[in-house]
Amino acid sequence: MTAHELFDKLNRKEISPRDIITSLQDRIRQIDPKVKAYVRLSDSLHQTPILSGIPISIKDNICTEGYNTECCSKILAGFKPPYDATVITKLKEAGATVLDVKTNMDEFAFGSSTENSCFGPSRNPWNLECVPGGSSGGSAAAVAADEAIWALGSDTGGSIRQPASFCGVVGLKPTYGRVSRYGLIAFASSLDQIGPITKDVRDCAILMNIISGFDAHDSTSVDLKVPDYTKGLVNDIKGIKIGIPKEYFVEGMDAEVKTIVQEAVHKLKDLGADLKEVTLPHTEYAVSVYYIVATAEASSNLSRFDGVQYGFRAKSAKSKNLIDMYESTRGNGFGEEAKRRIILGTFALSHGYYDAYYLRALKVRTLIKEDFDKVFKDFDCIVTPTSPTPAFKIGEKIKDPLKMYLSDIYTISANLAGIPAISIPCGFTKKRLPVGLQILAKAFNEEMLFRAAYTYEQNTPWHLEKPKIE
Ligand code: GLN
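Per the working numbering, the sequence shown starts with residue 44, numbered consecutively.
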């Protein structure tokens with residue numbers, strides 16, 4: 044069931060919060076050995092204090108007081124934060140039961156498949172041989188497999204939307220500054236946002252009502268009134284102006300995804316939206332810009348993991364001095380992709396290359412943002428595919444980082460521009476893998492996303508389909 048269906052049952056006293064948590068725990072114990080959406084399952088799932096509301100599953104990079112938060116990295120092994128992230132505090136205030144098990148992710152959110160987790164990959168509930176997407180693959184797989192009612196993920200370049208698309212659920216990256224990142228372990232601070240992964244658009248709006256808003260602990264959070272997002276759930280998009288960027292329907296995209304997304308676009312037209320082709324001319328630079336900016340910021344953010352303050356310290360017999368201890372801790376504690384990113388980012392920021400790479404990337408980032416500003420002068424939203432392909436096989440792209448990086452081609456621009464974007468289910472391939480539709484709007488206009496997404500959802504059957512997990 045969705046969270047809003049459960050709220051109704053709780054209000055009518057047909058079930059108790061304990062019933063919900065017990066059945067959820069049973070489901071997790073039964074299904075998770077196949078899906079592997081959660082990590083460290085054997086030593087948790089019993090100490091959760093039950094509050095009055097709905098249980099929620101949390102990605103392993105969002106701090107939960109007293110519960111391990113390791114970013115699925117060996118370097119944070121055993122780390123129990125002494126405080127809750129602001130989103131967790133808000134959830135608890137709203138009565139949500141925060142599960143003591145966390146969802147799987149690519150190490151430090153570096154990846155698009157969850158294969159970079161030190162615990163091994165999660166599996167796509169629609170086909171256990173496929174990846175669930177990433178980096179919030181555990182959260183998306185858990186929601187799709189009914190191992191979670193709803194979940195939180197984080198999105199730096201698509202990590203909420205792409206796994207939502209691969210798993211056939213709803214995922215929203217809010218506007219930069221809408222949701223506090225206090226207590227989110229930083230990947231790339233100018234791009235990161237926490238957001239909901241849910242079974243339908245209504246749950247997404249309810250969760251946004253809970254987690255949004257200004258927070259004095261996060262200097263990038265914006266002091267703007269948060270609307271009641273459930274008011275945006277109107278089943279009507281007549282006259283809404285939707286732009287379809289021509290740069291997003293080009294070669295390299297899977298033919299089935301293309302057809303399915305084009306059908307979804309026609310559906311929006313049938314529902315009364317006013318559609319026109321638009322141009323976002325700097326789209327072709329987005330992946331390059333992102334992988335300079337994101338790795339530069341990651342290399343800086345990850346410098347704090349040194350074996351002194353948190354988690355793991357290498358017990359190397361060779362540890363002769365402090366530098367040696369740092370080196371063996373970082374050398375043993377970080378996985379391959381984390382090391383690749385630290386090296387890339389350090390390179391881009393180093394003397395002599397800073398101007399050529401980092402500074403230039405920032406300038407092109409501004410051009411990408413201006414492309415969106417121009418379109419949003421005349422349009423209410425933009426519609427695109429979420430990902431160029433459906434879920435791919437485990438192992439298919441892991442040896443080829445460039446191929447993996449290209450999975451984010453449609454999602455990263457929203458992070459570079461700071462605008463909100465949602466992915467909703469829009470159909471299935473012949474092999475029954477879900478396909479996602481992405482809707483983008485201007486900064487702080489999540490209401491428009493909810494309106495367009497809700498109208499599409501209420502007039503299509505996709506969100507009601509469930510995977511058969513065998
Ligand atoms: N897949 C992208 C990356 O590897 C985005 C990850 C994310 O949004 N955290 O950086």
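Note that CB positions come from ideal geometry on N, CA and C, so glycine has one too.
Please state if the CB of K310 and the CB of L318 are separated by a distance shorter than 8 Å. no
How is V277 classed by DSSP in three states: helix, strand or coil? coil
Taking a contact to mean a Cβ-Cβ separation below 8 Å, would you say P164 touches V78 in this structure? no
Within the stretch 184-226, ranges of the alpha helix (DSSP H) (whole runs, at least 4 residues): 204-210
Quick check: is any heavy atom of the ligand SAH less than 7 Å from the C-beta of G201? Judged by which ligands are present, the ligand SAH is missing from the structure shown, whose ligands are the ligand GLN.
Quick check: what's the CA-CA separation for Y369 versus F355? 11 Å
Helix, strand or coil at Q352 according to DSSP, with G and I counted as helix: coil
Among T218, V212, V244, Y353, whose alpha-carbon lies nearest the alpha-carbon of C114? Y353
Please report how far the alpha carbon of L314 lies from the alpha carbon of I280, in whole angstroms. 7 Å
Considering only the alpha carbon of each residue, which of I203, I228, D189 lies closest to K509? D189
Hey, could you find the ends of the alpha helix (DSSP H) L492 is sitting in? 489-501
Cutting at 8 Å between CB atoms, please list the residues of its own chain near R245, excluding the five before and the five after it. T45, H47, T273, L276, Y497
Applying the criterion that 16 or more other CB atoms from any shown protein chain within 10 Å of the CB defines a buried residue, is N170 buried or exposed? buried
How about F153: is its Cβ closer than 7 Å to a heavy atom in the ligand GLN? yes
Which residues in the same chain have their Cβ closer than 7 Å to the Cβ of A128, if we skip the five residues on either side of it in sequence? I105, C106, Y225, G226, L227
Is it the case that the CB of S178 approaches a heavy atom of the ligand GLN more closely than 7 Å? yes
Measure the beta-carbon distance from P428 to Q481 and round it to whole angstroms, keeping in mind my assumption that it falls under 8 Å. 6 Å
Tell me whether P444 sits in a helix, a strand or coil according to DSSP, three-state version. helix
Going straight from the alpha carbon of S197 to that of F153, what length do you get? 11 Å
Spatial neighbours of V330 within its chain, please: CB distance less than 8 Å, with the 5 preceding and 5 following residues excluded, ordered by chain position. Y448, L449, D451, I452, I455
Rounded separation between F487 and R83 - CA only: 36 Å
Under DSSP, the beta strand (DSSP E) around D69 begins and ends at which residues? Run containing D69: none in the beta strand (DSSP E); it sits in the alpha helix (DSSP H), 60-78.
Any heavy atom of the ligand GLN within a distance shorter than 7 Å of the CB on F1? What the structure shows of the chain is the stretch from 44 to 513, and residue 1 is not part of that stretch, so it cannot be assessed.
If we count the other Cβ atoms within 10 Å of its Cβ and call it buried at 16 or more, is K420 buried or exposed? exposed
Please say whether I462 and P288 have beta carbons closer to each other than 8 Å? no
Measuring straight from C-alpha to C-alpha, what distance separates K358 and F348? 15 Å
Along the chain, where does the beta strand (DSSP E) containing I105 start, and where does it finish? Segment: none, I105 is in no beta strand (DSSP E) and carries neither H nor E.
CA nearest to the CA of G350, picked from K117, Q68, D62, R72: K117
Closer than 7 Å to a non-hydrogen atom of the ligand GLN - does that hold for the CB of S197? yes
Please state whether the Cβ-Cβ distance between V332 and V222 is less than 8 Å. no
Can you tell me where the beta strand (DSSP E) holding A339 begins and where it ends? Segment 329-344 is the alpha helix (DSSP H) holding A339; no beta strand (DSSP E) there.
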